[in-house]
Amino acid sequence: MSAFESSAWESTEPPPDDWSVQAARWLAKPDSYFVWGPLLTLIVTIVFLCNCWRDVKRLFFNNMPKTRSHHTAAVIWLHGTGDAGAGFAFLKKACERELRHIKWVLPDAPRTPLTAAQGAPRRAWVDVAAMPIKLERKPDDAARLAVASDRVDRLVAAEVAKGIPASRIVLGGFSQGAAVAVWAAARPGAAHIAGVVAWSGYALCADELPRGLERSPNRSAAHLVCHGTHDTKVLPECGGQLATILRQSGVPVTQRTEYAMDHECCEEQLDDLKAFLRRQVPPAVG
Numbered sequence: 013m014s015a016f017e018s019s020a021w022e023s024t025e026p027p028p029d030d031w032s033v034q035a036a037r038w039l040a041k042p043d044s045y046f047v048w049g050p051l052l053t054l055i056v057t058i059v060f061l062c063n064c065w066r067d068v069k070r071l072f073f074n075n076m077p078k079t080r081s082h083h084t085a086a087v088i089w090l091h092g093t094g095d096a097g098a099g100f101a102f103l104k105k106a107c108e109r110e111l112r113h114i115k116w117v118l119p120d121a122p123r124t125p126l127t128a129a130q131g132a133p134r135r136a137w138v139d140v141a142a143m144p145i146k147l148e149r150k151p152d153d154a155a156r157l158a159v160a161s162d163r164v165d166r167l168v169a170a171e172v173a174k175g176i177p178a179s180r181i182v183l184g185g186f187s188q189g190a191a192v193a194v195w196a197a198a199r200p201g202a203a204h205i206a207g208v209v210a211w212s213g214y215a216l217c218a219d220e221l222p223r224g225l226e227r228s229p230n231r232s233a234a235h236l237v238c239h240g241t242h243d244t245k246v247l248p249e250c251g252g253q254l255a256t257i258l259r260q261s262g263v264p265v266t267q268r269t270e271y272a273m274d275h276e277c278c279e280e281q282l283d284d285l286k287a288f289l290r291r292q293v294p295p296a297v298g
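Using my numbering, the first residue of the sequence shown is number 13, and each one after it goes up by one.
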């Protein structure tokens, strides 16, 4: 036995309690409840309110705002599967300082049975058969795609009726919303808009998309296609296919690849979006 071990063994003083033992003894005292009880209640309440804050904001979120006098352009943005328009309110916040003239319309998709969710109702523009979305099994739900595209047409027409020209309207979307936005703009009967933004999207009805673009008024409209290299929900090759189809159809495409990004967005994408909007729908002069 070493000298250190011997002295430790022969010591008659009890080892000092660490902070956790002391705290446990203090909490065990009957009168300590009057201190830690209200404190614990406050902590639980704060955690609960933080968790509910997102739902509360969505409850009071106005995704179809009024057109104000300073609005001379608009973005109609379609959310992804299972989300809601309020989930992209951060886009308006990120752009409102330098792009105050742009009105953000963030509609909600209807709740519909989703095959990938075992038939449970989810907010979705079209059905999703399985996840992740791959080239060999993209969800070509033509019937609901036509309904969603008609709704996009009505949203554009509503903004035109409120004084914003179609040529000053950009369609955009994330994931499934991006796929619908591209398809809606590619239809021959679509309004001639300023451009399309597709984040983490894919080509719905990929075989028919080029034929639609041949007669679409938006064949000359600028498209911004962004995708993450590590996307696990919509595989990166789906975004690559979308950009290729657009480019081969004569559509002006800016393609951005975000390295190490999953099914999400990043600051670089926001910067690209702002630059795109400044080019396509700059502040009106006069």
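Virtual Cβ for every residue (Gly too), placed ideally from N, Cα, C.
Is it buried or exposed for Met273, if we count other Cβ within 10 angstroms and need 16 for buried? As a position in the sequence shown, residue 273 is number 261, starting the count at 1. Met273 is buried by the Cβ-count criterion.
Assign Gln292 to buried or exposed, taking buried as 16 or more other Cβ atoms, counted over all protein chains shown, within 10 Å of its Cβ. The residue labelled residue 292 in the question sits at position 280 within the sequence shown. It is buried - the Cβ of Gln292 has at least 16 other Cβ atoms within 10 Å.
Return helix, strand or coil for Lys105, following the three-state DSSP convention. Sequence index remark: in the sequence shown, residue 105 carries index 93 (1-based). Looking at Lys105 - three-state DSSP - the assignment turns out to be helix.
Give me the Cα-Cα distance between Asp172 and Ala178, rounded to the nearest whole angstrom. Along the sequence shown, one-based indexing puts residue 172 at 160. Along the sequence shown, one-based indexing puts residue 178 at 166. Before going on, a small fix: residue 172 reads as Val here, not Asp. Each residue's Cα considered, the two are about 6 angstroms apart.
Could you name the residues of the same chain whose beta carbon sits closer than 8 angstroms to that of Lys115, not counting the 5 residues immediately before and after it, in chain order? Taking the sequence shown and counting its residues from 1, one reaches residue 115 at position 103. Within the same chain, Cβ atoms closer than 8 angstroms to the Cβ of Lys115 are found at Pro77, Thr79, Arg80, His83, Ala85, Ala86, Val87, Glu171, Ile176, the five residues on either side in sequence being excluded.
What are the start and end residues of the beta strand (DSSP E) that includes Gln260? To locate residue 260, count along the sequence shown from 1; it is residue 248. Going by DSSP, Gln260 is part of no beta strand (DSSP E) but of the alpha helix (DSSP H) stretching over 248-260.
Is it true that the CB of Ser261 sits closer than 8 angstroms to the CB of Arg290? Start at 1 with the first residue of the sequence shown, and residue 290 comes out as number 278. Start at 1 with the first residue of the sequence shown, and residue 261 comes out as number 249. It is not a contact, given that the beta carbons lie outside the stated cut-off.
Are the beta-carbon atoms of Val192 and Leu90 separated by less than 8 angstroms? What you label residue 192 is simply residue 180 of the sequence shown in a count that begins at 1. What you label residue 90 is simply residue 78 of the sequence shown in a count that begins at 1. Yes, they are a contact pair.
Opening and closing residue of the alpha helix (DSSP H) in which Leu236 lies: For the purposes of this step, residue 236 is taken as residue 224 along the sequence shown, with counting starting at 1. For Leu236, there is no enclosing alpha helix (DSSP H); the residue is found in the beta strand (DSSP E) stretching over 234-240.
Thr93 burial status per 10 Å Cβ neighbour count (16 or more: buried): For the purposes of this step, residue 93 is identified with residue 81 of the sequence shown, where counting begins at 1. By the neighbour-count definition (other C-beta atoms within 10 Å, threshold 16), Thr93 is a buried residue.
Could you compute how far the alpha carbon of Arg123 sits from the alpha carbon of Asn75? Here residue 123 refers to the residue found at position 111 when the sequence shown is read from its first residue. Here residue 75 refers to the residue found at position 63 when the sequence shown is read from its first residue. A straight line joining the alpha-carbon of Arg123 with that of Asn75 spans about 16 angstroms.
Compare the beta carbon distance of Cys238 and Tyr214 with 8 angstroms and say whether it is the shorter of the two. For the purposes of this step, residue 238 is taken as residue 226 along the sequence shown, with counting starting at 1. For the purposes of this step, residue 214 is taken as residue 202 along the sequence shown, with counting starting at 1. Not closer than 8 angstroms, so no.
My understanding is that Gln188 touches Val138, with C-beta atoms under 8 angstroms, so please give their C-beta distance in whole angstroms. Counting from 1 along the sequence shown, the entry for residue 188 is found at position 176. Counting from 1 along the sequence shown, the entry for residue 138 is found at position 126. About 7 angstroms; that satisfies the 8 angstroms criterion.
Can the beta-carbon of Arg199 be found closer than 8 angstroms to that of Ser161? Within the sequence shown, residue 199 is the residue found at index 187, counting from 1. Within the sequence shown, residue 161 is the residue found at index 149, counting from 1. Yes.
Taking only three categories from DSSP, how would you classify Pro77? Locating residue 77 in the sequence shown gives position 65, where the first residue counts as 1. Reduced to three states, the DSSP call for Pro77 is coil.
Report all residues from its chain with a CB closer than 8 angstroms to the CB of Glu270; omit the five preceding and five following residues, and keep chain order. Indexing the sequence shown from 1 puts residue 270 at position 258. Non-local beta-carbon contacts of Glu270 in its own chain, meaning distances under 8 angstroms to residues more than five positions away in sequence, involve Cys238, His239, Gly240, Thr241, Cys278, Glu280, Gln281 in chain order.
Helix, strand or coil for Leu118, going by three-state DSSP, please let me know. Indexing the sequence shown from 1 puts residue 118 at position 106. Secondary structure of Leu118 (DSSP, three-state): coil.
To the nearest angstrom, report how far apart Asp283 and Thr53 are at their CA atoms. Taking the first residue of the sequence shown as position 1, residue 283 is located at position 271. Taking the first residue of the sequence shown as position 1, residue 53 is located at position 41. Pairing Asp283 with Thr53, the inter-Cα distance amounts to about 42 angstroms.
Would you say Met143 and Ala128 are within 8 angstroms of each other, going by their C-beta atoms? Taking the first residue of the sequence shown as 1, we reach residue 143 at position 131. Taking the first residue of the sequence shown as 1, we reach residue 128 at position 116. It is a contact, given that the beta carbons lie within the stated cut-off.
Let's see if you can read the secondary structure: which residues bound the alpha helix (DSSP H) around Phe100? Residue 100 sits at position 88 when you count from the first residue of the sequence shown. Note, Phe100: premise wrong, no alpha helix (DSSP H); not H, not E.
The beta strand (DSSP E) spanning Glu270 covers which residue range? Along the sequence shown, read from residue 1 onward, the residue named residue 270 stands at position 258. Secondary structure note for Glu270: its beta strand (DSSP E) is the uninterrupted segment 265-270.
Would you tell me roughly how many angstroms separate the C-alpha atoms of Leu236 and Leu254, rounded to the nearest one? Residue numbering aside, residue 236 sits at position 224 when the sequence shown is read from its first letter. Residue numbering aside, residue 254 sits at position 242 when the sequence shown is read from its first letter. When only Cα atoms are considered, Leu236 and Leu254 end up about 11 angstroms apart.
Whole angstroms are fine: how far does the CA of Thr244 sit from the CA of Arg268? Here the question's residue 268 lines up with position 256 in the sequence shown. Here the question's residue 244 lines up with position 232 in the sequence shown. Near 17 angstroms, if we compare the C-alpha coordinates of Thr244 and Arg268.
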